[in-house]
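If you read the sequences in order, they're chains F and W. Read the first sequence against the working numbering and you will find it ends at 109, with the numbers running on by one and no gaps. Read the second sequence against the working numbering and you will find it ends at 114, with the numbers running on by one and no gaps.
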Amino acid sequence: AQRVTQPEKLLSVFKGAPVELKCNYSYSGSPELFWYVQYSRQRLQLLLRHISRESIKGFTADLNKGETSFHLKKPFAQEEDSAMYYCALSDRTGNQFYFGTGTSLTVIP
Amino acid sequence: EPEVTQTPSHQVTQMGQEVILRCVPISNHLYFYWYRQILGQKVEFLVSFYNNEISEKSEIFDDQFSVERPDGSNFTLKIRSTKLEDSAMYFCASSEQGANEKLFFGSGTQLSVL
């Protein structure tokens, strides 16, 4: 079953424009939600976790349980934000981790 | 910041050959994972490992795959008889307290099966 859906494979925005990367999930129970980022030629790294409710590099994500969404947002995109972004879900046991298909974000100068 | 290390960065092998992909997790981490990403596709979970045994495995992780922690520092993924469709980037990850904590990923091993 598809647990994490990222509907956009590619997303391009102009520098300074707002950006929103969509993520929807399906999971019974209370999952943990994450956003991971992979910059060009670098390893996957954690961007943020919903339970931390923190803002990293200007990005935020709000867990909407009613819509089962965890969209990633930034009010003003920067060129260095160009990367591959993966939404991910973990089960409560901590043994499994499900990635979405990823969204490639390009910020146009 | 401590890192997960994977070797080799690129492995080329003939179909039917055995390959071993190596990972050195962060030293105080207890949970270990293997993922793979076929070119142009999503990152897929293969297996999780805790307390010297497999915790969970996906349907991808069939009898051709095995994992081992041979010496307390390395965490290996073995593919017994590689197939063309095993060509992918394989990522190792580790976590201190499980997948609902921060996973640290290695830089990956690109496996090419010819």
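Note that the Cβ used here is the ideal one computed from N, Cα and C, for glycine as well.
(request) Please classify residue 80(F): does DSSP put it in a helix, a strand, or coil? (result) Of the three classes helix, strand and coil, the one that applies to residue 80(F) here is helix, per DSSP.
(request) Determine the closest residue to residue 107(W) out of 64(F), 37(F) and 82(F), with distance taken between C-alpha atoms. (result) The option with the nearest alpha carbon to residue 107(W) is 37(F).
(request) On a CA-only basis, which of 31(F), 43(F) and 79(F) is nearest residue 63(F)? Give me that one, please. (result) The option with the nearest alpha carbon to residue 63(F) is 31(F).
(request) List the whole-angstrom C-beta distance separating residue 31(W) from residue 98(W), where the pair is believed to meet the contact cut-off of C-beta under 8 angstroms. (result) Their Cβ separation, rounded to whole angstroms, is 5 angstroms, which keeps residue 31(W) and residue 98(W) in contact under 8 angstroms.
(request) Go ahead and pull the three-state DSSP assignment for residue 84(W). (result) Here residue 84(W) sits in helix by DSSP.
(message) With three or more beta-carbon pairs closer than 8 angstroms as the criterion, would you say the stretch 21 to 35 of chain F touches the stretch 62 to 76 of chain F?
(response) A contact between stretches requires three or more CB pairs, one per stretch, nearer than 8 angstroms, and the stretch 21 to 35 of chain F meets this requirement with the stretch 62 to 76 of chain F.
(request) Flag this pair as yes or no: are the beta carbons of residue 34(W) and residue 84(W) separated by less than 8 angstroms? (result) The Cβ atoms of residue 34(W) and residue 84(W) do not sit closer than 8 angstroms to each other.
(request) May I have the straight-line CA-CA distance separating residue 91(W) from residue 44(F), to the nearest angstrom? (result) Our two residues, residue 91(W) and residue 44(F), have alpha carbons roughly 9 angstroms apart in a direct line.
(message) Taking only three categories from DSSP, how would you classify residue 52(W)?
(response) DSSP places residue 52(W) in coil when its eight states are reduced to three.
(request) Assess, as a yes-or-no matter, whether the stretch 72 to 89 of chain F is touched by the stretch 3 to 10 of chain F under the definition of 3 or more beta carbon pairs within less than 8 angstroms. (result) Counting Cβ pairs under 8 angstroms, three or more are found: they touch.
(request) Thinking residue 101(W) and residue 95(W) are a contact (beta carbons under 8 angstroms), I'd like their distance in whole angstroms, please. (result) About 5 angstroms; that satisfies the 8 angstroms criterion.
(request) Have a look at 65(W), 75(W), 10(W) and 45(W) and flag the residue whose alpha-carbon is nearest the alpha-carbon of residue 51(W). (result) With distances taken between Cα atoms, residue 51(W) lies closest to 75(W).
(message) Against chain W, with Cβ distances strictly below 8 angstroms, would residue 43(F) count as a contact?
(response) With 8 angstroms as the cut-off, residue 43(F) counts as an interface residue toward chain W.
(message) Measuring straight from C-alpha to C-alpha, what distance separates residue 59(W) and residue 48(F)?
(response) Each residue's alpha carbon lies about 28 angstroms from the other.
(message) For residue 105(F) and residue 81(F), which I take to be in contact (beta-carbon distance under 8 angstroms), what is that distance rounded to the nearest angstrom?
(response) About 6 angstroms separates the beta carbons of residue 105(F) and residue 81(F), which is inside the 8 angstroms limit, making them a contact pair.
(request) Classify residue 56(W) as buried or exposed, calling it buried when 16 or more other Cβ atoms lie within 10 Å of its own Cβ. (result) Burial call: buried.
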